[in-house]
Structures are given as structure tokens and as C-alpha cells.
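Chemist:
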Amino acid sequence: MHNHQKRTNGQSLVLKLYKVYLLIMVLGCTVSCKKEFSGPITEQITMHNITIPEGFKIEKLYSPGTHDQGSWVSITKDDKGRLYASDQFGTIYRVTLPSTENNLDSVVVKKIDIQLGMAQGLLWHKNTLYALVNASSENDLDIQSGFYKITDANSDDEFDTVKMLRTFKGWGEHGPHNITLAPDGQSLFMVLGNHTDIPEDIGSVIPKNWGEDNLLPVIKDPSGHANDVKAPGGWVVKTDFEGRDWTLLNVGLRNTYDIAFNPDGELFGFDSDMEYDMGMPWYRPIRLCHLTSGGDFGWRTGTGKFDAEFPDNLPSIANLGQGSPTGLLEGEGLKFPNYYQNGFYLFDWSYGTMYFASLTPEGSSYTAKVTEFISGVPLPLTNGIVGNDGAMYFLTGGRRLESALYKLTYTGALNNEVKTATPNKLGKNERKLRKKIESYQSIKSPDQIDFLVENLDHEDRYIRFSSRVALENQDVAIWKHKIVEDESVLIKIALAIAIAHQGKDNDRVEALQALMKLDWTDLTSLEKIDFLRATELLIIRSNQSVDASLQRAIATKLLPYHLKESEHLNKEITKLLSYLDTSEILEATIYKMENDTITSNLKSNYLSGDITKRSDQYGKDVENMLKNMPNQQNISYAKSLSEVKSGWTKALRERYFRWYNRALKKSGGKQYANFIKAIQRKALENVPDEERAYFESLSSESMNQQADLMKDVRMPDGPGKNYTVAQVEKAFNENKKDANFANGENFYRASMCVLCHSIKGVGGNSGPELTQIGTRFSIKDIAEAIVNPSKTVSDRYRNTIYHLTSGNTIRGRAVEERDDEIIVSINAFSPDITSIIKRADIAKVEESAQSVMPAGLINSLNEKELSDLMAFLVAGGDENNKIYD
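The numbering used here puts the first residue of the sequence shown at 789, with every later residue one more than the last.
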């Protein structure tokens, strides 16, 4: 009995130990044995009207607007995990997060008691808050755009000292933007928009003799946007913590809001498009760019943007379609599934979408796989940060929209243990070589000339580009002779580009002659592209006209291959031959324009962000264009032929000008028709005086083809009243169920909205396009914009006041600037009404604080009529899109 009891007790002990072991194993697997998954999560759920991947959880932590704290656009965190956020038009706030997940009410927000705000970039580093301030206008006397250092001098955990380290001449939506810490923690990097001047006193790894570099005259935006902005556009700069030493690293961006480093220590930016240009050959979608040292990304105003294939600029690594890029966040430190820790989160303000970009090394750069991560309607994303708890904290707001602070966490079954970020082994040697080459962009090393030259034909485009920039920073006299010595075609062409930039006219002639000796039929497609661009640049950069015999040699070399190459090469050959006034190309090019109407191969710029697969609330303007797509190749041909002066017959001109009638029936961006008309006007300049009246009349069909926007409009019954924002909201909420869509469209016209705004391609273009207004803005925001149009005025729609020496003033938007005069559109309802101002007559120029849109346009409507109008606006002109239900 005793022995049996011992055996029973022993078995019981073993059983207990086994159960404990199983419990430990289960608990351990709960923590460390979660499923691994290597790709994006495709299943989605909706939480708080935001679509997120399955397994994620989103919480709205705080609403600044309900506390009169503005609309937040930037964010950073301190060593204690507290957040700092800035109102776009106001001050900076400290946010203390709740200590537990369930105690959301404990979010504490405190205004920082300093005379500084409007920071579109914030960064905490070593007990210092750095701010990149973007003033609302040039005339803002309280706060200047610039780089500021904010400290706590007496260590009482309250900021008390503000030091301005540098001011910038730039403001508004294309002014100074964001700031980030270098991977080694020893310097700061900043990105500034294309309306911010580059200070003359800063150093640069890019030679500063940049230019517009367009062979044919640039047609500037007909709306006047960025028409006075010269090369090189938006830029990235590096500095120290006291703002003493500055080095320009990148140019040619449009309006990149944010930059970030990946674990390899490589810098990236999320650049914006110009949506007005959609459908045009120079249109470039929003894009993720790898910002290697010395990079020019090719933005120029109007039609002057560089082709992505040009060797004198760098391409994107991913095109995303349409949107308004804001924040860029690297995923290191997130307690998300492993796939979502290694890549970038790209914030799009206008479509309310956050993308995730997974990068794969390719040579010294990367390829990117971009997928949609979260989206909402409206969800105007501004910026985000990785919290100390591994959650993502992000902001919505901007332009005084309703703002919020969100928290995104992962609670699903996949393993979300934070992985230590390590550099990629793939591409390591190529990146190391490029970094070595980049070091010679800032120092003169005559003994490294051969090293740089030998890498001009490297198979990696980024290495070739970096080598040429480094070479251009060396003494041109040391290396220019190599163009006649080196046998490599790519090296010879790269040297020609470098000589175009840095040489003298006799050097350029010698380089052109060297290029003319190359056999076109022996060149690869890449070599042909680079050859054409090098030839263009040698002509563009010459201070005197290229000798006529050399011009004939170029034309003779290229004419046999006109329209016989790829579309890209055909476009560039036609451009170059048009510049050389080669009349032999007219018949064949016009025939091509008449008969080649294929557009399917041109749609990738508009599908790359998967925009057409979203809900009806997204991308309607893009979808309309895709249904009625213009042929961008033919538009390029038309622009090139507008410069040809000789060889025209009446029959050829009739065919050419009738093409414009067909082109204007196509759909594109907001300025599509105006660009087509501008090209047409340019072509008319080359028509002989005795024939001009005939061809102007032939053109009048296309000039006047838009229907009368106010035809058969029924005026409101009223009675109206002077509406407040609250009254508009109340009227709509009470009547929206019975809203009459057809009446709403009528009152959209009757209230004259249609004269300045377009919906689904119909209407004027002097104000914002409204097809997506219901997906971007709340009813309150829309009401605010209508009732108080001057409260928030986008730079793009802001008037300029010209004070004349006579004492008179002219208000309007510059649509064209010439050497001695400015053409100003002075009537928002009729943009074609212009005034010519002589520069000599201008005493002072200032921005107007008043919107071109007058207040009170809805005051003739009764509440039911107003609700019909609001329903039409919110639905974006689509009766089936009643998102207000």
C-alpha cells in the first residue's frame, strides 16, 4: 500500500509537471510562435469608416478642432514618447498619450508657450525641438519661413527659448516642408517645395549652372500656376544642428512634402504631380523617388518637365497615379507583421489613402511594390510617426480641415515582433561604389578622373548619373578631351552632356562633331535616347547658334529614322528635327497624327495606383479621362510642328489645324483644353499674314466648341438669406433625404459655380475641380468654403495685387510673364479677360488675402434649393454616388 501510494503520487507529480510544460509552451507560442507571412494582407475590414487590413485596429485618439487647436500637419516625438504636433496656421502642441490602451480619455494636449508655429516639419533630437516653419504668406510678419531651434534653457520641462537658424524665401503650400535626422545622427536633412528659393550662399554637390534646358519654347500653365518659378524646382538640403554649414543635395522635385531614410541609409521622397497636366506628354504622376546625392529629378514649369528617360535627370522607383503626397514614414520599430516593418508608408492627402511600398534592391537603387494600406472618406492624411509602443500614430487635417490624431495597432494572428533593421546585402557593392563616386561630387580630385570616366557607362543608371555629376565638379579642362579618345558610346555621350553643362562653345562644337561620327544603326535604344538628349543639350547650352552646316549634319543623320523608332525616340527625333526646321517631316508626322489614335499604351500613368478599382468615390476625374483618352504622342508631335516655319502647304496646314478640333474633344486635366489652344496659338504665329485670317477661322471651331454653360438655366425661387456655416449644415441634414439631383445641377449653374469650377470635366477652370469634393471634405468643410471663401485660400487660387505707379491697382492671376510685361487674368468668371501690365509701371506687388470667389453666391437659394445644390456637389456630379445617405 505504501509503495502504491508513492507510485501514484509520483505519477501525479509527473502529470502536473507535464501540464505546466504544456502551459508554458502554449504561452510561449502565443508570444513567439505566431504565424509568419511574407506578403501584404489582402483581406480588409472597416473600422470608424476607415478601411484597414484584417488584424489591425484603429482608434481615434483626439480631435484638435473640437478644442480650437487648428488642423495638425506635422508630428514628432521626444525621448519620453510624448508627441509634438503643429497646426498648419497656428501653434505647436505637446501630446501626452494615455498609459493604457483602454484609457483613451487621458490624452493630454498642451499648447507650447512660445511665439512659433506653422511648422510643416518637426524633429526632436537630444532635448531639442527643431522646426521647419512655413509661413502662410510673404507678408506674415509674426513668423518667418525658416529653420528654428527650440530649447528648454532652465530644464523645467517647458520650452522657453527659440532661435532662428536660417530664414527661407518661400511660403504657402509649396514652401519649406519637412525635416529628418541623418542615419548616423550627425546632421539634418530638409525638403523644400518648388516655390522656395535656394539661397545663393549654400554649398552644393550639384553644379549651380542649372537651366530650363528645353529645346523648344516652354508653354507655361494657362492658369498661371508656378509660371514665375525657375529651375531647378523643389530641393533637398543637408545641414548641422546649428544651421551653419549647408549643402544642396537634390533638385528638380515638384512639391515633395516629406523625406525618410531606409535601413541602408538611403534617402527617399514622395513627390507630387500636377493634376492639371493629365493627358499631356509632360504629365508625371505622384511618385516615390530615390534621392541619391546630386540627383536632379527633372521638374520644370509648364511643358518643360524632363522626360523620365532623359539621362540628365533621375526617374522615380514607383509611380502611384494621382493624389497629393504628404507624409513618408519608414516602418522600422512598428509592431506590425514583418512585411509591414520593412518599407515606406506613403500618405496621400486628397484621396485619403495610405500606401505601403516594399523595396527590393536593384543595382545601387531599388524597385518598389506598392499596395494600398488604409483608406477613408474623407481621410486627409498629413503625417505620422512610430510610437515608443510600436503603434503608428498619424494625423489628418491640413487647409483648416477637421483634424484628428489616430492610433493604428496590429492585434491579429501574425507575428508582429519588432525586427532589428539591418542593411540589405543585395546591392551592397553597387551602393558602396556609388557612395564612393558621390564623395567626389564635393571635392576636386584630379587623380580620380579616370575612375569617374570609366563609370560613365556603368550598367547601373544611378552610378552613371553620380559619376557624371562628380565629373562636372572637377576642372573641365582636365577631362573634356576624353570625348575624342574614349571608344565607349555611353562614355562619349555622357561626356558630351557634361561638356554641354560645363564647357565653352568651342568645346560644345567639338562634342557635337564627335557625336555625329557615331553610327546610328549601331546604337542601342538607351544609347539613342542619350544621344538625342546630349545633342539637344549641346544646342541649348550654346551661347551662339550652332553653325548651319552642323545643323544640316544633325538633320541629315536623323531624317532617315524619323517615325521609324520607338514612340519615345520618334517623339524626340521629331522635336529635334522641328527645331532644325526640317520641312521633310511635315507630311509623315501629320499623317501619323491623323491615323495613329491608339491610347492603351499611354494609360499606365493613371492605373499604377490601382485608382480605377477603388470605390466610386475615388478617381472620377481620372476615370473620365480614361474613357476619352487623348493621344499624348500626337500632342507632342503637334507641339513640335508648331515650331516648323518652312515647307507648309495650304493643304498640310488645313489637315494640321483640323487635328486640334479632334484633340479638343478629348478629356484630360483641368488645363488640358487650354494647353491645346496655347499650342494652336503658337502654330498660328508661323502662318503668313495673308493666310492667317483663314486659319484663325478654321481654328474657331475648336476655340468655341464648349457649350454655353448657362444655357436654359432656371433661376432660384428663393427666398434666400445670408447663410452661416451652421445654417448650411442644418438645411442639408434636414433635406438631404429628399434632395433632387437634377435641381442641384441646375442650381450649380444658377449660382455661377460652373463658371469657375468643373465637375466631371464640365465647367470653368479658374477654381478647384470639384468632382471629388465629397470624398475629401465633410459637409461642414464644404459649407465653410462656400460661406467664407477667403478663410483658407490655396496658393494656386490666390490673386496678386499689382500697385501701379499711376496709383491704380490691378488684381488677378498672372497667366504669362514676358521680359517687359505681365499678362494678368482679371475675371475669375471669364479667365480669358486679361490685362497687360508693363513691368516698368509696377510700384509694388503683394498677395491678396481675399479669395477670387465672392461670398454670398448661395444666398439667393432657399433651404431646399441649397440642399439640392449640396447633394449635387457631395455626389461629385454622379447621381448614383449618394454618399451623403
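In this text, a Cβ means the ideal position worked out from N, Cα and C, and glycines have one as well.
Give me, in chain order, the residues of the same chain whose beta-carbon lies closer than 6 Å to that of residue 1470; leave out the 5 immediate sequence neighbours on both sides.
Modeler: 1430
Chemist: Quick one, which of 1190, 1167 and 1325 has its alpha-carbon nearest residue 838's?
Modeler: 1167
Chemist: Say whether the region 1021 to 1033 touches the region 1111 to 1118, bearing in mind that this needs 3 or more beta-carbon pairs closer than 8 Å, one atom from each stretch.
Modeler: no
Chemist: Could you tell me whether the region 866 to 873 touches the region 1205 to 1225, using the rule of 3 or more Cβ pairs below 8 Å?
Modeler: no
Chemist: What alpha helix (DSSP H) runs, 4 residues minimum, are completely inside the region 1304 to 1382?
Modeler: Those alpha helix (DSSP H) runs which fall completely within the region 1304 to 1382 and span 4+ residues are 1313 to 1328, 1336 to 1346 and 1355 to 1367.
Chemist: If you draw a straight line from the C-alpha of residue 997 to the C-alpha of residue 943, how long is it?
Modeler: 47 Å
Chemist: So, for residue 1475: in the same chain, excluding its five sequence neighbours on each side, which residues have a beta-carbon less than 6 Å away from its beta-carbon?
Modeler: 1483
Chemist: Cβ atoms of residue 1228 and residue 847: under 8 Å apart, would you say?
Modeler: no
Chemist: Any idea if residue 1633 is buried or exposed, counting beta-carbon neighbours within 10 angstroms, 16 or more meaning buried?
Modeler: exposed
Chemist: I'd like the list of long-range same chain contacts for residue 1576, defined as Cβ closer than 6 Å, with 5 residues on each side in sequence excluded.
Modeler: The answer is none, since no qualifying residue turns up.
Chemist: Quick check on the DSSP output: what are the complete beta strand (DSSP E) runs of length 3 or more inside the region 1125 to 1171, in order along the chain?
Modeler: 1132 to 1136, 1141 to 1150 and 1153 to 1164
Chemist: In angstroms with no decimal places, state the Cα-to-Cα distance between residue 977 and residue 994.
Modeler: 16 Å
Chemist: Quick one: give me the first and last residue of the beta strand (DSSP E) that residue 1180 is part of.
Modeler: 1180 to 1184
Chemist: Please go through the region 1197 to 1255 and give each complete alpha helix (DSSP H) segment of 4 or more residues, from N-terminal end onward.
Modeler: 1216 to 1227 and 1237 to 1242
Chemist: Might you give, ordered along the chain, the residues of its own chain that have their beta carbon closer than 8 Å to the beta carbon of residue 1244, omitting 5 neighbours on each side?
Modeler: 1252, 1255, 1256, 1259, 1276, 1278, 1279, 1282 and 1283
Chemist: What residues in its chain sit with their C-beta under 7 Å from that of residue 879, if we drop five residues either side in the sequence?
Modeler: 899, 900 and 905
Chemist: Does DSSP put residue 1106 in a helix, in a strand, or in coil?
Modeler: Residue state, collapsed to three classes: strand.
Chemist: By how many angstroms is the C-alpha of residue 1326 removed from the C-alpha of residue 1297?
Modeler: Spanning the two alpha carbons is a distance of roughly 8 Å.
Chemist: For residue 1516, does the count of other Cβ atoms within 10 angstroms reach 16, so buried, or fall short, so exposed?
Modeler: The residue is buried, with at least 16 neighbouring Cβ atoms inside 10 Å.
Chemist: Consult DSSP for residue 817 and reduce its assignment to one of helix, strand or coil.
Modeler: For residue 817, the predicted model reports a pLDDT of 48, less than 50, meaning its position is unreliable; a value from the coordinates is still stated below. If DSSP states are grouped into helix, strand and coil, residue 817 belongs with the helices.
Chemist: So, helix, strand or coil for residue 1420, using DSSP?
Modeler: In the structure shown, residue 1420 sits in a helix (DSSP, three-state: H, G or I).
Chemist: Helix, strand or coil for residue 982? Go by DSSP, reduced to three states.
Modeler: coil
Chemist: For residue 1075, list the residues DSSP reports as bridge partners.
Modeler: 1059 and 1107
Chemist: Within the same chain, show all residues whose beta-carbon is closer than 7 Å to that of residue 1667, passing over the 5 residues directly before and after it, in chain order.
Modeler: When the five nearest sequence neighbours on each side are left out, the beta carbons in the same chain lying within less than 7 Å of the beta carbon of residue 1667 are those of 1529, in order along the chain.
Chemist: For residue 1153, tell me which candidate among 1198, 1142, 1124 and 1083 has the shortest Cα-Cα distance.
Modeler: Per the Cα distances, 1083.
Chemist: Classify residue 1461 as buried or exposed, calling it buried when 16 or more other Cβ atoms lie within 10 Å of its own Cβ.
Modeler: buried
Chemist: Does the region 960 to 967 come close enough to the region 978 to 985 that 3 or more CB-CB pairs lie under 8 Å?
Modeler: Because the criterion of three Cβ pairs below 8 Å is met, the region 978 to 985 and the region 960 to 967 touch.
Chemist: Reducing DSSP to helix, strand and coil, say where residue 1385 ends up.
Modeler: Here residue 1385 sits in coil by DSSP.
Chemist: Buried or exposed for residue 1272, going by 16 or more other Cβ atoms inside 10 Å?
Modeler: exposed
Chemist: Residue range of the alpha helix (DSSP H) that residue 903 falls in?
Modeler: No alpha helix (DSSP H) holds residue 903; DSSP gives it neither H nor E.
Chemist: Pull up the DSSP beta-bridge partners for residue 1049, would you.
Modeler: Secondary-structure assignment with DSSP links residue 1049 through a beta bridge to 1055.
Chemist: Does the beta-carbon of residue 1267 have 16 or more other beta-carbons within 10 angstroms, so that it is buried, or is it exposed?
Modeler: buried
Chemist: Using only the alpha-carbon positions, how far apart do residue 1099 and residue 1363 sit?
Modeler: 17 Å
Chemist: Would you report the Cα separation of residue 1179 and residue 1602, rounded to the nearest angstrom?
Modeler: 46 Å
Chemist: Is the beta carbon of residue 1581 closer than 8 Å to that of residue 1639?
Modeler: Result yes, Cβ atoms of residue 1639 and residue 1581 sit closer than 8 Å.
Chemist: On a CA-only basis, which of 1164, 1162 and 907 is nearest residue 934? Give me that one, please.
Modeler: 907
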